[in-house]
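>
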Amino acid sequence: MSPDRAVLERALERGEQEGGSVEFKERLSEDLHATEGRFESLAAQLRHRVLSGDGEATYVVGVTDDGGLAGIEPETFSESMDVLSLLADEAGAHIADVQTWSVDRGGIVGVATIREGTRLADDEHIVVGTAGHVDHGKSTLVGSLVTGQADDGQGDTRSYLDVRPHEIERGLSADLSYGVYGFDEDGPVRMDNPDRKSDRARVVEESDRLVSFVDTVGHEPWLRTTIRGIVGQKLDYGLLTVAADDGPTRTTREHLGILLATELPTIVAITKVDLVDDERLAEVEREVERLLRDAEKTPLPITRHGIDAAVEEISETVVPVLRTSAVDGTGLETLDELFERLPKTETAADGDFEMYIDRTYKVSGVGAVASGTIRSGRVEAGDELLLGPMADGTFREVEVRSIEMHYHRVDEAEAGRIVGIALKGVREADVERGMVLLPREADPTPVREFEAEVMVLNHPTRIGDGYEPVVHLETVSEAAAFYPEGGQLLPGDTGRARVRFKFRPYCIEEGQRFVFREGRSKGVGTVTDVTGPE
-17 MSPDRAVLER
-7 ALERGEQEGG
3 SVEFKERLSE
13 DLHATEGRFE
23 SLAAQLRHRV
33 LSGDGEATYV
43 VGVTDDGGLA
53 GIEPETFSES
63 MDVLSLLADE
73 AGAHIADVQT
83 WSVDRGGIVG
93 VATIREGTRL
103 ADDEHIVVGT
113 AGHVDHGKST
123 LVGSLVTGQA
133 DDGQGDTRSY
143 LDVRPHEIER
153 GLSADLSYGV
163 YGFDEDGPVR
173 MDNPDRKSDR
183 ARVVEESDRL
193 VSFVDTVGHE
203 PWLRTTIRGI
213 VGQKLDYGLL
223 TVAADDGPTR
233 TTREHLGILL
243 ATELPTIVAI
253 TKVDLVDDER
263 LAEVEREVER
273 LLRDAEKTPL
283 PITRHGIDAA
293 VEEISETVVP
303 VLRTSAVDGT
313 GLETLDELFE
323 RLPKTETAAD
333 GDFEMYIDRT
343 YKVSGVGAVA
353 SGTIRSGRVE
363 AGDELLLGPM
373 ADGTFREVEV
383 RSIEMHYHRV
393 DEAEAGRIVG
403 IALKGVREAD
413 VERGMVLLPR
423 EADPTPVREF
433 EAEVMVLNHP
443 TRIGDGYEPV
453 VHLETVSEAA
463 AFYPEGGQLL
473 PGDTGRARVR
483 FKFRPYCIEE
493 GQRFVFREGR
503 SKGVGTVTDV
513 TGPE
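Just so we're aligned: 69 in my numbering is position 87 of the sequence shown, and the numbers increase by one with no gaps anywhere.
1. Roughly how many whole angstroms lie between the Cα atoms of M188 and T95?
2. Alpha carbons only, please: which of S297, V196, R499 and G288 is nearest the one belonging to H388?
3. With the cut-off set at 9 angstroms, would you say V255 and T316 are in Cβ contact?
4. If you run the structure through DSSP and keep just helix, strand and coil, what is R357?
5. Classify R384: buried if its beta carbon has 16 or more other beta carbons within 10 angstroms, exposed otherwise.
6. Report the rounded CA-to-CA distance for W83 versus H237, giving the unit in angstroms.
7. Indicate whether the contact test is met: 3 or more Cβ pairs, each with one atom in the segment 273 to 287 and one in the segment 258 to 265, closer than 8 angstroms.
8. Going straight from the alpha carbon of T223 to that of P325, what length do you get?
9. What distance in whole Å lies between the Cβ atoms of F59 and G92, which are believed to be in contact at a cut-off of 8 angstroms?
10. State the start and end residues of the unbroken beta strand (DSSP E) segment that holds T248.
11. Under DSSP, the beta strand (DSSP E) around G370 begins and ends at which residues?
12. From the DSSP output, in three-state form, read off R341 for me.
13. Excluding five sequence neighbours on each side, which residues of the same chain lie with their C-beta closer than 7 angstroms to the C-beta of R235?
14. By DSSP, does R191 sit in helix, in strand, or in coil?
15. Excluding the 5 residues preceding and the 5 following G119 in the sequence, name in chain order all residues of the same chain whose CB lies nearer than 7 angstroms to its CB.
16. Which value, in whole angstroms, describes the spacing of the CA atoms of S523 and G349?
17. Report back the beta-carbon spacing between F435 and T513 to the nearest angstrom; my notes put them in contact at under 8 angstroms.
18. Is the Cβ-Cβ distance between E322 and R191 less than 9 angstroms?
19. Per DSSP, which one or two residues make a beta bridge with H454?
20. Rounded to whole angstroms, what's the CA-CA distance from L242 to V250? Just pull it up for me.
21. Here's the rule I'm using: 16 or more other beta-carbon atoms within 10 Å means buried, otherwise exposed. How should L455 be labelled?
22. Is R482 near G375, with beta carbons less than 9 angstroms apart?
23. How would you call E151, buried or exposed, if buried means at least 16 neighbouring beta carbons within 10 angstroms?
24. Kindly indicate which residue of D64, K406, M372 and R399 has the alpha-carbon position closest to the one of R430.
25. Helix, strand or coil: how does DSSP classify F59 here?
26. So what's R478 in DSSP terms, helix, strand or just coil?
27. Tell me which same chain residues have a C-beta within less than 8 angstroms of the C-beta of L102, skipping the five on either side of it?
28. Cβ of R499 within 9 angstroms of Cβ of P451?
29. From which residue to which residue does the alpha helix (DSSP H) around I240 run?
30. What residue from T427, L367 and L28 has the CA that sits closest to K406's CA?
31. Which residue wins for smallest C-alpha separation from P473, given the options M63, L439, R9 and E295?
32. Assuming G398 and I356 are in contact, meaning their beta carbons sit under 8 angstroms apart, how far apart are those beta carbons, in whole angstroms?
33. Buried or exposed, going by whether 16 or more other CB atoms sit within 10 Å of the CB of E467?
34. Quick one: what's got a C-beta closer than 7 angstroms to G153's C-beta in the same chain, skipping five residues either side?
35. Can you give me the Cβ contacts of R480 inside the same chain, cut-off strictly under 7 angstroms, excluding the 5 residues immediately before and after it?
36. List the residues that DSSP assigns as beta-bridge partners of T376.
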């Protein structure tokens, strides 16, 4: 959705009438405006604007001093935002939101909202991955949670997630989507207008505790995308949906198996309970409980045992089960309380910064953006990083232009955060899923082969030398050939295997877990030894 041009017109009008909290700049350059003396003066000016606006100022960039629409080149606009970010930091403020418009001859005009206070601190923040069969209401349930709005019974609230237009039109998710809400001392902090990116940023800014959702794909042809969402993010919990009017399906079993195989503590939400009678609901609950027991897990129905028990007992082996409806609100307050109280399970990893790239996109005036979940360490705006490996195994030097989390611009971010990092020094076309961002001083060795301990969960016959499933490791999804120790592995077997990527090298580390799948066959593994380049 393009920014509302009325926002620009109001900013221009306010600048002409008020002046105090609104500043016009045609451009800001590092050579001219970030120099000693000039920088301090501009920071003081910004501080004055923020104080005049009771903690908020508006900077309109790409306009003349009298408010005329000049427009500047995208690279110049990016540099202007870099300088403005530095000025805001110096003045004890931060850029909370940026909206851009194209004007004549391809130039850009932008409106930046500056707010007093430091950027978001890395407070407690849990990440929840959803799964479930298509039409079982997982995206709709999340949409109602993050907005507090009831669904219309046709899946309307699913459009409130960060999804693509063709997905909304078809009612089917084809890629991962994201949602966020939070909590403060008064309770849930939700989005008022989910169609505005700035509203997501407000939730991040105002919340003392955040819940980020990675919403996966329920349609069978995109199972590999679901696996990528579960394996490639630092998830704290899984949320599996089962529709009361349909019950567990083969896809339900597949998704549950992936969640449990990755040892992710999971909640099962029985959705659409408004559509069935008590007898049918009890029948579906029994089916879910049998499904969990068959997987050697202990179901914990919240209606019988309560929320306290669910919070205390949830684990890799104990799975809370609850009833929900996005239409009449059944169970939503229970989910709110669960997500407010559940402890973080993925602790922030110490050490050097590392992030596997999950998605890439290009933002006008910003350039290439790589998004993913930070695996370890911390990253700051201005950091110099390595990006790769490229297809030939090399790495490229890049610089962090800026960092956003759910459209909220942040100074820095640590392990466990889902972020978008704008990169200077690379085209978006050269950034690919499965690549990794590392510190400039790192000395990475990408590999084509590694040794692993693997378990075959499901396969019609034996696995022999040259078996080629798709391996899902972090955000890598790549065909690979397996060479089992002893020449074969049977269903249910655990053993060692040499694994070789078919097309290109990746950054792989000992201890990383992965899922492999081919057709209905699947298994899990752990990297035990990394083989160097040939």
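For every residue, glycine included, the Cβ atom is placed at its ideal position computed from N, Cα and C.
To lay it out plainly:
1. Looking at the sequence shown, residue 188 is not Met but Glu. The alpha-carbon atoms of E188 and T95 are separated by roughly 16 angstroms.
2. V196
3. no
4. strand
5. The question names Arg, but residue 384 in the sequence shown is Ser. Under this definition S384 is a buried residue.
6. 42 angstroms
7. no
8. 21 angstroms
9. 6 angstroms
10. T248 to T253
11. E366 to G370
12. strand
13. L273
14. strand
15. T223, A225, T253, K254 and A308
16. A question about residue 523 goes unanswered here, because the residues of the chain that appear run from -17 up to 516.
17. Residue identity check: residue 435 is Glu in the sequence provided, not Phe. That pair is no contact at about 15 angstroms.
18. yes
19. S459 and V497
20. 12 angstroms
21. buried
22. no
23. Model confidence at E151 stands at a pLDDT of 39, short of 50, so the residue's coordinates are unreliable and nothing is read from them.
24. M372
25. helix
26. strand
27. In this prediction, L102 scores a pLDDT of 48, lower than 50, which makes its location untrustworthy; the coordinate-derived value is nonetheless stated afterwards. Excluding residues within five positions, the ones whose Cβ falls inside 8 angstroms are V186, E187, M387, H390 and V392.
28. yes
29. R232 to A243
30. L367
31. L439
32. 7 angstroms
33. exposed
34. At G153, the pLDDT of 40 sits below 50, so the modelled position is not reliable and the matter cannot be decided from this model.
35. E431, E433 and Y465
36. Beta-bridge pairing links T376 to no other residue.
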